[in-house]
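This report concerns only the one structure given below.
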Amino acid sequence: MNQYLCRKTLWTIMLSACAFFSPASANQQIMQEVLDGSTIPKFVEPVPTFNGCRADGTKDLVVTAKEFQQQLLPACFYEKLPSSVTYRSVATGEPLFTIDPKKGTYQWGYRVFDGKNTYGPSYPCHTIEARRGKKTKVTYKNHLRRFKDKKGNLLNGPLLQKFLTVDLSFQWANPLNWPQFGQGFDTYDPVTYPFGTGMPQGNPGIYEGPQPMVPHLHGGETPSFADGDPNSWFTPKQKLKGPSYVTNEYIYPNTQSATTLWFHDHVLGETRLNVFAGLAGFYFVRGEPETSVTPPLPRGDYEIELLIADRQFDTNGQLFFPDGNPLTAGLNGPPGNPDINPYAIPEFFGDVILVNGKSWPYLEVEPRRYRFRFLNGSNARMYSLYLTSTNSCTVPNFWQIGTDGGLLDTPVNVNSFVPYTYNPSNLCPPEDPNLGPVFTDPRLFFAPGERMDIIIDFTGYEGKVFTLNNDSPAPFPSGGTELDPDVEGLVMQFRVCKPLSSPDYSFNPAAPGATLRSGDKEIVRFVTPEGTLAPGVEPNLTRSLVLIEQEDPYSTAPVVVLLNNTSYDGLNPYNTQPVPDSHPFNKKSVWVTELPQVGATEIWEIVNMTPDAHPIHIHLIEFQILNRQPYYVGNIVPPFTCPDSYRDLYESLWSSYPNPPTTVPPGTVYSYGSPLPYLSTPKLGGNPDVTPFLIGSPITCDPNEYGWKDTIKMFPNTVTRLVVRFAPQTVPVGDTAGKNFFAFDPTTTIGEHDRFGYPGGSGYVWHCHILDHEDNMMMRPYMVRKHAQR
6 MNQYLCRKTL WTIMLSACAF FSPASANQQI MQEVLDGSTI PKFVEPVPTF NGCRADGTKD
66 LVVTAKEFQQ QLLPACFYEK LPSSVTYRSV ATGEPLFTID PKKGTYQWGY RVFDGKNTYG
126 PSYPCHTIEA RRGKKTKVTY KNHLRRFKDK KGNLLNGPLL QKFLTVDLSF QWANPLNWPQ
186 FGQGFDTYDP VTYPFGTGMP QGNPGIYEGP QPMVPHLHGG ETPSFADGDP NSWFTPKQKL
246 KGPSYVTNEY IYPNTQSATT LWFHDHVLGE TRLNVFAGLA GFYFVRGEPE TSVTPPLPRG
306 DYEIELLIAD RQFDTNGQLF FPDGNPLTAG LNGPPGNPDI NPYAIPEFFG DVILVNGKSW
366 PYLEVEPRRY RFRFLNGSNA RMYSLYLTST NSCTVPNFWQ IGTDGGLLDT PVNVNSFVPY
426 TYNPSNLCPP EDPNLGPVFT DPRLFFAPGE RMDIIIDFTG YEGKVFTLNN DSPAPFPSGG
486 TELDPDVEGL VMQFRVCKPL SSPDYSFNPA APGATLRSGD KEIVRFVTPE GTLAPGVEPN
546 LTRSLVLIEQ EDPYSTAPVV VLLNNTSYDG LNPYNTQPVP DSHPFNKKSV WVTELPQVGA
606 TEIWEIVNMT PDAHPIHIHL IEFQILNRQP YYVGNIVPPF TCPDSYRDLY ESLWSSYPNP
666 PTTVPPGTVY SYGSPLPYLS TPKLGGNPDV TPFLIGSPIT CDPNEYGWKD TIKMFPNTVT
726 RLVVRFAPQT VPVGDTAGKN FFAFDPTTTI GEHDRFGYPG GSGYVWHCHI LDHEDNMMMR
786 PYMVRKHAQR
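Here this note's numbering is used: the first residue of the sequence shown is 6, the next is one more, and so on.
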């Protein structure tokens with residue numbers, strides 16, 4: 006049995022037992038009773054679609070974040086609810102506010118005005134259609150104001166602050182500058198350190214106040230002032246602003262290849278809550294190379310974007326996000342370390358699957374080809390999708406035509422291969438550290454933040470019904486929360502019940518020789534199909550960076566997840582000094598270790614020492630996957646006792662580290678930076694060389710990953726190698742280091758303007774797109790500079 010699974014199960018059982026004897030609510034602020042997702046009717050309402058009501062991104066836009074009600078569940082559910090429900094305080098039992106749940110679930114979402122039409126607010130936001138080569142100016146407004154009910158009860162912030170509790174112990178926006186640690190903002194005590202972790206005791210205060218927001222265009226080739234830096238937040242009317250704030254008027258150059266992007270909130274320490282609340286939507290870049298595809302791709306009513314996300318609800322149909330006990334169905338525990346992070350859970354997994362903001366919908370289709378732009382908009386859940394049918398002996402194939410960064414050169418039949426996975430044990434040799442592949446059959450497998458551009462051909466399936474299923478473990482790959490095939494295992498339904506309205510002359514991915522890109526429109530290749538560097542590619546440097554997780558030695562629950570063992574701000578939490586070899590930016594609000602040169606080509610070698618798979622997202626650029634390779638990490642959870650393993654070596658390097666804090670146990674000092682100097686050669690990063698621990702030969706990326714990516718799954722016990730060039734996608738391979746090919750200058754900092762007229766910004770970030778990890782410090786800033794890092 007996987008010992009990691011036992012570890013997860015152990016701390017879940019421990020906390021469940023505590024919940025049995027505890028009077029605390031699953032929400033520490035308001036009393037909520039959890040709705041069982043299995044009781045919600047499936048496939049009773051159509052999926053919302055956006056053709057004909059997308060916003061015109063060639064115009065100046067005003068995008069406003071609003072709080073509103075939307076029926077995410079079937080209308081028949083809301084009809085049975087009372088017209089007035091009062092929520093009470095967990096602490097005192099007193100009534101706090103009254104709502105009418107019949108109108109729907111309270112959400113946050115974007116309203117879009119394009120100068121002619123107003124769309125929304127809605128979840129997801131109505132799609133923005135931009136045009137390649139034409140700038141889009143967006144003025145973002147924050148209307149997440151104080152909530153007042155019909156009885157006159159006025160809250161200090163928007164309503165959803167009562168449903169979604171900020172953990173003040175995280176590094177977060179903190180508009181009112183409340184203490185991060187101690188016994189509470191009103192009775193602040195000296196910081197204490199619970200024995201065994203060295204991490205300070207968290208602040209159990211409840212934040213109510215001005216709500217920060219900051220949008221990020223995920224996958225956008227964007228000047229840093231408009232990238233949505235986590236510290237660029239602002240409250241309503243910009244009364245309070247983060248240290249990286251420049252403006253709420255963003256300009257997107259739209260110079261990249263046509264593709265599927267999305268935008269979502271990105272506030273430091275609150276991303277998991279604000280995206281869960283509904284601040285997300287699609288953003289299409291139209292133009293080449295899509296317009297050159299012959300025959301044309303399916304369009305109009307036959308091009309449909311699909312945002313998949315899991316949620317959980319209370320019995321009044323309102324959002325439920327647990328921040329206390331008891332443990333509830335479909336969730337990866339209540340807070341695992343409440344003394345350290347009082348309200349944070351390791352990952353959120355809900356038991357209701359939404360598609361475009363509707364639970365388990367259906368789509369009526371014609372017997373023809375459809376283009377579906379899939380987006381995983383969940384906090385943490387990965388999806389492995391496949392079709393089944395009760396009235397058809399066969400099902401149509403998934404043909405992938407595009408990735409995060411645009412079209413592939415040729416279509417890929419996703420049903421023709423099994424995606425790569427790695428499921429680690431916690432055992433030492435001679436036991437095999439790999440428990441075997443997670444999947445044995447083909448799957449459309451994607452993680453939070455990833456987009457999959459898919460064609461499904463329903464030709465010849467008149468009268469058939471297909472169910473889109475999911476069987477991905479959660480968390481991935483080892484599981485820990487039981488997936489019900491009739492609940493979380495269902496996504497939506499396709500019904501081939503509409504007559505063919507016209508002949509289908511659209512692009513057929515199954516046709517012999519079908520090509521999406523040709524000639525000068527083909528992908529600029531940095532990687533060969535064999536997983537080696539393409540001819541002419543000469544990396545300027547290689548970074549070797551680790552993914553690492555700290556567990557509480559007593560509860561065994563995760564405490565913090567880190568990129569290269571460094572917190573977001575780059576400060577050592579034990580002495581508030583910057584980690585070695587870091588450089589200050591933005592008035593010393595962050596200390597940066599990744600300082601790539603503009604135009605440079607780098608190899609990023611990511612060494613995953615954690616038990617989980619992490620979707621890593623790098624802002625500004627698209628990259629290509631070089632290869633993956635398993636390695637002998639040793640134990641993936643403590644105690645780390647496997648001799649001659651990478652983790653054993655990593656731990657041993659800390660034994661001679663100068664002046665370690667006295668509050669931590671022996672071994673790795675978490676958040677302290679790398680154990681060796683970051684600028685060590687030949688690979689930057691300050692980590693021991695993983696080469697002696699590699700297993701077997703490098704493994705090529707999956708066929709549908711052989712394109713441009715901005716988010717990629719990093720499996721446990723695996724080294725994932727990326728070719729990362731800090732230049733646009735279309736620039737040919739060559740000596741580009743030190744040369745800027747962007748339509749803006751990414752090296753320009755706050756207080757400056759570049760030669761293109763754009764203001765400088767705060768740089769960029771790279772992070773895990775499991776939002777619960779991202780908020781818990783699994784994010785680091787990086788700065789693009791004119792000269793090479795030394």
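Glycine residues also receive a C-beta, built at the ideal position from the N, C-alpha and C atoms.
These figures come from a predicted structure and were not determined experimentally.
| Query | Result |
| --- | --- |
| Residue from A285, V542 and M614 whose Cα sits closest to the Cα of V728 | V542 |
| Neighbour-count burial assignment, D715, 16 or more Cβ in a 10 Å radius | buried |
| Residue nearest to I313 in terms of C-alpha spacing, selected from E293, Y348, V370 and M387 | M387 |
| E710 burial status per 10 Å Cβ neighbour count (16 or more: buried) | buried |
| Supposed contact pair P563 and P327 - C-beta distance, whole angstroms, cut 8 Å | That pair is no contact at about 16 Å. |
| DSSP state of T276 mapped onto helix, strand, coil | helix |
| DSSP-derived helix/strand/coil call for F230 | helix |
| Exposure of K13, with buried meaning 16 or more beta-carbon neighbours within 10 Å | Its pLDDT being 44, under 50, K13 is placed unreliably by the model, and nothing is read from it. |
| Opposing strand residues paired with F403 [DSSP bridges] | I461 |
| Spatially closest choice to K64 from Q112, S702 and N259, by CA coordinates | N259 |
| Closest Cα partner of I358 within the set M497, A349 and K469 | M497 |
| Proximity winner among T103, L776, N381 and A96, relative to L567 (alpha-carbon distances) | L776 |
| Bounding residues of the alpha helix (DSSP H) (the contiguous stretch that carries R652) | Y651 to L658 |
| Ordered list of beta strand (DSSP E) runs contained in the segment 420 to 463, each at least 3 residues | 449 to 451 and 456 to 462 |
| Classification of K167 by the beta-carbon crowding that lies within 10 angstroms, buried from 16 upward | buried |
| Span separating the alpha-carbon of P217 from that of W177 | 10 Å |
| DSSP three-state assignment for A80, whether helix, strand or coil | helix |
| Own chain, CB closer than 6 Å to G214, minus 5 neighbours either side, in chain order | N161, G162 and L181 |
| Cβ neighbours of R548 in the same chain (closer than 8 Å, five flanking residues each side left out) | E599, E607, I608, W609, E610, K688, L689 and G690 |
| C-alpha distance - T192 paired with H774, whole-angstrom precision | Caution is warranted here: a pLDDT of 39 is assigned to T192, below 50, making its placement in the model unreliable, and no coordinate value can be reported. |
| Cβ pair P424, F450 closer than 7 Å | yes |
| Coil, strand or helix - K142 by DSSP | strand |
| In DSSP terms, what Q74 is bridged to | Y111 |
| Among P601, Q602 and P583, the one whose alpha carbon lies nearest that of S594 | P583 |
| Inter-residue Cα distance where the pair is P339 and Q33 | 11 Å |
| Closest Cα partner of P490 within the set S262, C502, N342 and D476 | D476 |
| Candidates L159, G210 and L164, of which the one nearest W183 by Cα | G210 |
| Element boundaries [beta strand (DSSP E), containing L412] | G411 to N418 |
| Residue of L392, R59, G157 and G382 minimising C-alpha distance to L311 | G382 |
| Same chain, Cβ closer than 6 Å to Q520, five either side skipped, listed in chain order | Per the sequence shown, the amino acid found at residue 520 is Thr instead of Gln. Excluding residues within five positions, the ones whose Cβ falls inside 6 Å are T415. |
| Where K121 falls, given that 16 or more other Cβ within 10 Å makes a residue buried | exposed |
| Enclosing beta strand (DSSP E) for L473 [first to last residue] | V470 to N475 |
| Cβ contact (3+ pairs, closer than 8 Å) linking the segment 698 to 706 and the segment 524 to 539 | yes |
| Opening and closing residue of the beta strand (DSSP E) in which L776 lies | First-last for L776: L776 to D780, but that is the alpha helix (DSSP H), not the beta strand (DSSP E). |
| Beta-carbon proximity list for G809, same chain, < 6 Å, skipping 5 on both sides | With the chain represented from 6 up to 795, any question about residue 809 goes unanswered, as that position is not in the structure. |
| Beta-carbon separation (whole angstroms), N420 vs F403, contact threshold 8 Å | 6 Å |
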